[in-house]
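*Asks:* Numbering (the numbering used here), first residue to last: 423 to 483.
In this text, a Cβ means the ideal position worked out from N, Cα and C, and glycines have one as well.
Quick caveat, the model's predicted, so the values are computed rather than measured.
Shown below is the structure under consideration.
Rendered as structure tokens:
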């Protein structure tokens, strides 16, 4: 039965001992960069981590 997913050939070029840590390291780096960008470029994300501001609903007359 043939392998139909097309991913088996990459391990002939890059050994798993090198490829898997490289792949997982890249995914981790991207996640850290996305979170750092959210913290640095938005006002709501740091407030979300702090628990947000507590607002009291006011009654309109």
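I need the straight-line Cα distance from residue 433 to residue 453, nearest angstrom please.
*Replies:* Rounded to whole angstroms, residue 433 to residue 453 spans 25 angstroms at the Cα level.
*Asks:* Tell me the DSSP secondary structure of residue 449 in three-state form.
*Replies:* Here residue 449 sits in helix by DSSP.
*Asks:* Please classify residue 482: does DSSP put it in a helix, a strand, or coil?
*Replies:* DSSP places residue 482 in coil when its eight states are reduced to three.
*Asks:* Return helix, strand or coil for residue 473, following the three-state DSSP convention.
*Replies:* Residue 473 falls in the coil class under three-state DSSP.
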